Structure formats: C-alpha cells, structure tokens
Amino acid sequence: MGQTNPLTRWPVLVVEDEPILRLDALSMVEQAGFEPVEAMSSADAIKLLEERLDIRMVYMDLDMPRSRKGIEIAAAIRKRWPPIEIILTAAYFTRESVDLPERAEFYSKPVDRDEIVGAMRRLMDGVAYSPTSG
Amino acid sequence: MTVAVSTDTPMTFPATGGECASILETIDWACHPLGDPVGWPAPLRTAVQIVLSSGFPMMVHWGPELFTFYNDAYAPSLGHKHPGHLGQPAREWWSEMWDQLTPVFDQVLAGETVFVKNARYTPDRDGAPKEAFFTHSHSPLWDVDGRVAGIFLVVTETTSEVVAQRDRDAAHEQQQLLNEELAHRIKNTMSVVQAIAHQTLSKIEDQEAVTSFGKRLATLASAHDVLTRDQWSTAKLEEVAQATLTSFGEDKFDLAGPPVTIGPRATLSLSLMLHELATNATKYGALTKPEGRVSLNWSVNFDGDREALTLSWVERGGPPAKEPTHKGFGSRLIRMGLSGSGGVTLSYGEAGLVVQATAPLYQVQEA
Chain E
39 MGQTNPLTRW
49 PVLVVEDEPI
59 LRLDALSMVE
69 QAGFEPVEAM
79 SSADAIKLLE
89 ERLDIRMVYM
99 DLDMPRSRKG
109 IEIAAAIRKR
119 WPPIEIILTA
129 AYFTRESVDL
139 PERAEFYSKP
149 VDRDEIVGAM
159 RRLMDGVAYS
169 PTSG
Chain H
5 MTVAVSTDTP
15 MTFPATGGEC
25 ASILETIDWA
35 CHPLGDPVGW
45 PAPLRTAVQI
55 VLSSGFPMMV
65 HWGPELFTFY
75 NDAYAPSLGH
85 KHPGHLGQPA
95 REWWSEMWDQ
105 LTPVFDQVLA
115 GETVFVKNAR
125 YTPDRDGAPK
135 EAFFTHSHSP
145 LWDVDGRVAG
155 IFLVVTETTS
165 EVVAQRDRDA
175 AHEQQQLLNE
185 ELAHRIKNTM
195 SVVQAIAHQT
205 LSKIEDQEAV
215 TSFGKRLATL
225 ASAHDVLTRD
235 QWSTAKLEEV
245 AQATLTSFGE
255 DKFDLAGPPV
265 TIGPRATLSL
275 SLMLHELATN
285 ATKYGALTKP
295 EGRVSLNWSV
305 NFDGDREALT
315 LSWVERGGPP
325 AKEPTHKGFG
335 SRLIRMGLSG
345 SGGVTLSYGE
355 AGLVVQATAP
365 LYQVQEA
C-alpha cells in the first residue's frame with residue numbers, strides 16, 4: 039500500500055495508561071501527521087499489533103504499573119515486529135537506567151512535545167519510503 | 005576494684021575472679037584430667053589468672069581437649085550454658101557451632117593469631133540457636149616447652165551494633181525507595197500538568213508561550229532528577245549543567261570547573277537560568293550557527309573572607325549579541341542568578357553574549 043503515496047497517514051500506536059497523558063500523546067501523533075491508535079495497557083497493545091499489521095510506530099510509557107515491565111514489552115515488540123519504530127517515555131526511569139531495544143528512542147517525562155513530534159516525523163520518514171509493505 | 009592477696013594459703017584462682025573464680029574453686033580438680041591447679045603448668049595458671057581478673061570478656065582453652073575457662077565478663081554471652089561448662093572440653097561446650105570454630109582453632113594451634121571483626125555465629129541461647137556477632141582475637145598460648153598448648157581468646161559481642169547498623173541500612177534503603185517513588189510521582193504529575201496546559205491552551209494564538217512553558221517544566225523535572233540522586237540534599241554543579249544542556253546538543257558546550265556541590269534551591273534556579281540562556285543562544289546567539297559554541301566555566305574564589313562561586317557563560321562563533329528590547333520572564337529567570345537573588349552581569353559583545361554570575365558559596369549550598 040502506502041509507499042507510493044507519501045501522504046499516507048500511517049497509524050501510530052500510543053500505549054499509555056494515564057488518560058490525560060494518553061489524550062496528549064494522541065494529539066502529538068496527530069500533530070506529527072499520523073493516525074493515532076490507542077492502547078490502555080501493554081496487553082491491549084500486543085493485541086492491537088497482532089490485528090493491525092499496518093502499525094509502523096509505537097509510542098509507549100514505560101511506567102505502567104499494572105502490566106509487565108514496560109521495557110520487556112518494548113523488547114518483545116522489537117523482536118516480534120522488527121520494522122516497527124519505538125519511542126519510549128518514562129518518569130521512573132532515565133535513559134541510562136534502561137536497556138533500550140535497537141533503534142528505540144527514549145524521552146524523559148515530562149517530554150518536550152516538539153522533540154517527540156520531531157522524532158515521530160524523523161523515524162517515520164524512513165518508513166514512508168521503505169520498500170517494506172504493511 | 006581491690007586486690008586481696010592471701011599469703012597464708014596457696015592461691016588457686018584469684019580472689020578478684022568473681023563468680024567464675026568461685027565456681028572453679030568448687031570443682032573437684034583431683035578427679036579432673038588437668039588435676040590440682042597447684043600442679044598446672046605455669047603458662048596455664050597465669051593465663052587463667054589473667055582471664056579471671058580481667059574486666060574484658062576473655063577465654064582460655066588448654067590442652068588437646070581444649071578445656072575451657074572464661075570470666076564473668078564473658079559469661080552473659082553464653083546464655084544458659086553458663087556456668088555448667090566451666091572447666092569442660094570446648095567441643096561439648098560448642099557442639100552446635102563446632103564446624104564454624106574448628107578452622108579458627110586449627111589455625112591458632114598451628115601458631116597463628118586469628119582476628120575477626122563482627123563474625124556471625126549461631127550460639128545456642130536459651131535453648132534455641134540465635135544469630136550473634138562477635139569481634140574476636142584468638143591467639144596461641146605456649147607451654148613451658150615452647151609448643152602451642154592452648155588458645156587465648158579476647159572477644160566482644162557486637163550483635164547490637166551489627167543489628168543497629170543493619171537496621172540503619174534497611175531504613176536508608178527504604179527511604180531511598182520512597183524518595184525515588186516520590187520523584188517518579190512528581191515527574192508524572194508534571195507530565196499531567198504539561199498535558200493539561202497544552203490541551204487547555206491549544207486554541208490560543210501564542211503557541212510559543214505554551215511551548216516555552218512545556219520546556220521550562222521539563223527543565224524543572226531534569227533538575228529534580230539530579231536532586232533525587234542524593235536524596236534531595238545536594239547536587240553536583242556539573243551534573244546539573246549537563247542535565248539541563250544536554251537536550252540542546254551535547255557537543256555544543258564546553259563545561260569546565262572544579263567539583264562543586266550545590267543545594268536544592270540553587271539547583272532549580274541554576275537549571276532554569278541555564279535553560280533560558282541555552283534557549284536564547286539557540287534562537288538568537290551562538291547556537292544559531294553550526295560552528296557556534298558555548299563555554300561554561302565555574303570557579304570558587306575568596307571574595308573578602310568568604311568563598312564565592314562564579315560561573316561564566318561565553319558564546320562564540322555566532323552573531324554579535326544584541327540586548328533584547330523586551331525583557332520577559334526568561335530575562336528575569338536569567339537575572340535571578342545562582343541563588344535567586346541576582347549577582348548577574350550580561351555583556352552584549354561583538355563576539356557573542358557573555359554572562360557572569362556570582363553568589364556567596366554558602367548561599368548556593370543552602371538547603
């Protein structure tokens with residue numbers, strides 16, 4: 039599908055259990071020019087990724103206490119869906135304290151919105167022209 | 005303590021030996037393998053006399069059976085074993101921790117001294133094995149022929165100190181955990197505040213102000229991070245500067261200065277000040293050019309009779325610096341300086357902006 043059309047609004051999955059932060063993250067995805075898809079937990083996220091094979095990026099909060107360790111989920115996503123870009127955020131962890139999956143980017147909370155929007159566009163720029171198909 | 009020396013009867017155990025000496029007097033030595041104390045080898049007699057008359061917990065083991073003698077100071081740490089085993093072989097005495105003790109005894113009998121601090125043992129006390137800690141020195145006792153025939157032990161029980169230290173460590177760890185948890189919650193709350201602000205103000209025209217707010221909040225959060233490392237008491241100036249400036253491009257800044265720790269208030273004002281300076285440099289100053297750089301130097305010098313911290317921000321490689329016509333909150337944050345009360349000079353030179361901030365060190369280090 040989309041690689042011939044650079045205007046495709048690729049779906050970006052937002053995984054955040056704090057409602058207000060999820061709302062704000064959804065608006066960041068829109069601001070970056072993509073279609074937000076929301077998940078309230080990591081279990082939700084895995085289910086959505088299994089169903090929506092067109093998802094090309096995940097923006098995830100590592101602090102979600104009611105689920106498996108966020109960083110392990112991120113590693114699992116990288117392993118199972120290697121082309122998916124990953125942006126991680128956390129209040130509890132620092133960039134130095136987590137073992138980031140390959141190509142994943144980390145931003146400390148509270149995040150700099152411009153930085154996140156910029157990172158989303160930058161990472162998806164490669165995706166839009168990549169030969170892999172959804 | 006008075007020393008009563010009896011001259012008319014041969015002294016077996018010293019009169020200053022207290023309860024332990026009295027108990028030893030009641031033993032029927034004629035039926036004991038060591039025989040009558042009058043006939044004991046002189047080193048054994050002397051050692052037992054030293055032990056009995058000392059105020060420090062001490063013990064002697066003698067002969068292949070390691071017959072055991074100790075004093076009143078030692079007795080309390082034995083629990084119910086006292087006094088039944090006075091004069092008995094050590095093996096019966098300490099059957100429950102014989103495995104722990106034999107390596108020590110073997111070394112001493114081979115002529116070495118064994119000194120151990122806060123060693124953990126599980127002596128039988130009041131019928132149950134209990135964890136206890138001892139600092140002890142086991143040293144050889146030589147018989148008249150020069151062979152090692154016994155063991156001399158000076159010991160002090162350190163259980164209460166060890167347990168107290170352990171409790172302190174656990175409390176400290178617990179406090180650290182609580183601190184981290186609290187820091188996490190504060191940062192999460194800051195994120196929510198930022199999201200609410202952004203959503204609430206999404207329709208207003210001056211989106212730059214909303215962005216500035218978000219970035220200042222993020223700066224505050226990174227200052228919190230640095231402070232959390234040392235339980236909110238102090239932070240290292242260099243770490244504060246790095247945490248604030250890193251998002252502007254690490255390779256753009258040259259940081260140099262001696263190790264200086266600063267207090268929580270100075271950490272917050274310094275972070276916000278550096279953030280504003282770096283934001284301005286990115287918008288109007290040295291960092292608008294790819295070759296532009298900023299040097300951040302600090303030093304501690306004597307200003308009269310007190311120490312003062314001086315920090316300088318020097319921009320190079322950018323356009324000439326121009327004094328802003330409008331002075332907003334950002335300018336005020338910069339002018340607050342290191343301790344929040346000024347001491348800042350700004351020079352708008354051809355080569356770029358130079359900012360010098362000075363404050364008494366004690367103010368910067370205040371809580």
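Chains as they are written, first to last, in my numbering: chain E, 39 to 172; chain H, 5 to 371. Backbone N, C-alpha and C fix where the C-beta goes; we use that ideal spot for every residue, glycine too. This one's a predicted model, so the numbers in the text were calculated from it and none came from an experiment.
Terminal residues of the continuous beta strand (DSSP E) containing residue i?
i, result
"E:Arg118", "Looking at the DSSP string, E:Arg118 is not in any beta strand (DSSP E); the run it does join, the alpha helix (DSSP H), is Gly108 to Arg118."
"H:Ala153", "Val152 to Glu161"
"H:Val118", "Val118 to Tyr125"
"H:Ile338", "From DSSP, H:Ile338 is part of no beta strand (DSSP E) but of the alpha helix (DSSP H) over Phe333 to Met340."
"H:Arg297", "Arg297 to Asp307"
"E:Glu123", "Glu123 to Ala128"
"H:Ser143", "Ala136 to Trp146"
"E:Glu73", "Glu73 to Ala77"
"H:Thr72", "Phe71 to Tyr74"
"E:Met25", "Only positions 39 to 172 of chain E appear in this structure, which leaves residue 25 of chain E out of reach."
"H:Thr314", "Arg310 to Arg320"
"E:Phe144", "Glu143 to Ser146"
"H:Leu259", "Phe257 to Ala260"
"H:His36", "Note, H:His36: premise wrong, no beta strand (DSSP E); not H, not E."
"E:Pro57", "Element bounds for E:Pro57: not the beta strand (DSSP E) but the alpha helix (DSSP H), Pro57 to Ala70."
Specify, as a first and last residue, the run of the alpha helix (DSSP H) that residue i falls within.
i, result
"H:Gln360", "Per DSSP, H:Gln360 belongs to no alpha helix (DSSP H); it is in the beta strand (DSSP E), Leu357 to Pro364."
"H:Leu90", "No alpha helix (DSSP H) holds H:Leu90; DSSP gives it neither H nor E."
"H:Pro268", "Pro268 to Lys287"
"H:Ser351", "Not the alpha helix (DSSP H): H:Ser351 falls in the beta strand (DSSP E), residues Val348 to Tyr352."
"H:Trp102", "Trp102 to Leu113"
"H:Pro47", "Ala46 to Ser57"
"H:Val230", "Gln211 to Thr232"
"H:Val244", "Leu241 to Leu249"
"E:Leu86", "Ser80 to Glu89"
Could you name the residues of the same chain whose beta carbon sits closer than 6 angstroms to that of residue i, not counting the 5 residues immediately before and after it, in chain order?
i, result
"H:Leu272", "Ala227"
"E:Gln22", "The question about residue 22 of chain E has no answer here: the residues shown for chain E are numbered 39 through 172."
"E:Ser171", "Here E:Ser171 scores only 42 on pLDDT, less than 50, and its place in the model should not be relied on; the value that follows carries that caveat. For E:Ser171, where only same-chain residues beyond five positions count, there are no Cβ hits under 6 angstroms."
"H:Phe119", "Ser141"
Mind listing the chain H neighbours of residue i? Cutoff is C-beta to C-beta under 7 angstroms, in chain order.
i, result
"E:Ala129", "His188, Lys191, Asn192 and Ser195"
"E:Ile58", "Val196, Ala199 and Ile200"
Listing by chain order, which chain E residues have their CB less than 9 angstroms from the CB of residue i?
i, result
"H:Gly218", "Pro148, Val149, Asp150, Arg151 and Asp152"
"H:Ser275", "What H:Ser275 touches in chain E: nothing, since even the nearest Cβ is about 14 angstroms away."
"H:Thr215", "Asp150, Arg151 and Asp152"
Short of 7 angstroms in beta carbon distance, which residues of its chain neighbour residue i, apart from the five on each side in sequence? Order them along the chain.
i, result
"H:Glu327", "Tyr352"
"H:Trp33", "Gly39, Asp40 and Pro41"
"E:Glu54", "Arg60, Ala63 and Asp99"
"H:Thr11", "Model confidence at H:Thr11 stands at a pLDDT of 47, short of 50, so the residue's coordinates are unreliable and nothing is read from them."
"H:Glu381", "Missing from the structure shown is residue 381 of chain H; chain H here goes from 5 to 371 and no further."
"H:His202", "Val214 and Gly218"
List the residues of chain H that residue i touches, going by C-beta distances under 8 angstroms, in chain order.
i, result
"E:Leu86", "None at all; the shortest Cβ gap to chain H is about 22 angstroms."
"E:Leu20", "Residue 20 of chain E is absent from the model: chain E starts at 39 and stops at 172."
Going along the chain, which residues of its own chain have a beta-carbon closer than 8 angstroms to the beta-carbon of residue i, five neighbours each way excluded?
i, result
"E:Val50", "Val67, Ala70, Phe72, Glu73, Pro74, Val75, Ile93, Arg94, Met95, Val96, Tyr97, Met158 and Met162"
"H:Ser303", "Gly261, Pro262, Leu313 and Thr314"
"H:Gln92", "Phe71 and Thr72"
"H:Ala247", "Ser226, Ala227, Asp229, Val230 and Ser275"
"E:Tyr145", "Ile125, Leu126, Thr127, Glu153, Ile154 and Ala157"
What does residue i touch in chain E if you count any residue whose Cβ is under 7 angstroms from its own?
i, result
"H:Leu315", "Under the 7 angstroms cutoff, chain E gives no residues; its nearest Cβ is about 25 angstroms from H:Leu315."
"H:Leu221", "Pro148"
Which chain E residues sit within Cβ distance under 8 angstroms of residue i?
i, result
"H:Ser226", "Ser146"
If contact is defined by three or more beta carbon pairs under 8 angstroms, each pair taking one atom from either stretch, is the region 142-157 of chain H in contact with the region 104-122 of chain H? yes
Validate contact between the region 50-57 of chain H and the region 88-108 of chain H using beta carbons, cut 8 angstroms, 3 pairs: no
The region 188-198 of chain H / the region 155-172 of chain H touching (three or more Cβ pairs under 8 angstroms): no
Three or more C-beta pairs under 8 angstroms: does that hold for the region 137-150 of chain E against the region 109-117 of chain E? yes
Please identify, using Cβ separations under 8 angstroms, the residues of the region 228-260 of chain H that lie next to chain A, in order along the chain. Note that chain A does not occur in the displayed structure, where the protein chains are E and H.
Counting only Cβ-Cβ distances shorter than 8 angstroms, please list the residues of the region 329-350 of chain H near chain E, keeping chain order. none
Decide yes or no for the touch test of the region 75-92 of chain H against the region 170-186 of chain H: beta carbon pairs closer than 8 angstroms, at least 3 of them. no
Interface residues of the region 69-102 of chain E facing chain H [CB-CB below 8 angstroms]: Asp101
Taking Cβ-Cβ distances below 7 angstroms as the criterion, which residues of the region 130-143 of chain H are in contact with chain E? none
Are the region 131-138 of chain H and the region 65-76 of chain H touching, with three or more C-beta to C-beta distances below 8 angstroms? no
Three or more beta-carbon pairs under 8 angstroms between the region 250-261 of chain H and the region 197-214 of chain H, yes or no? no
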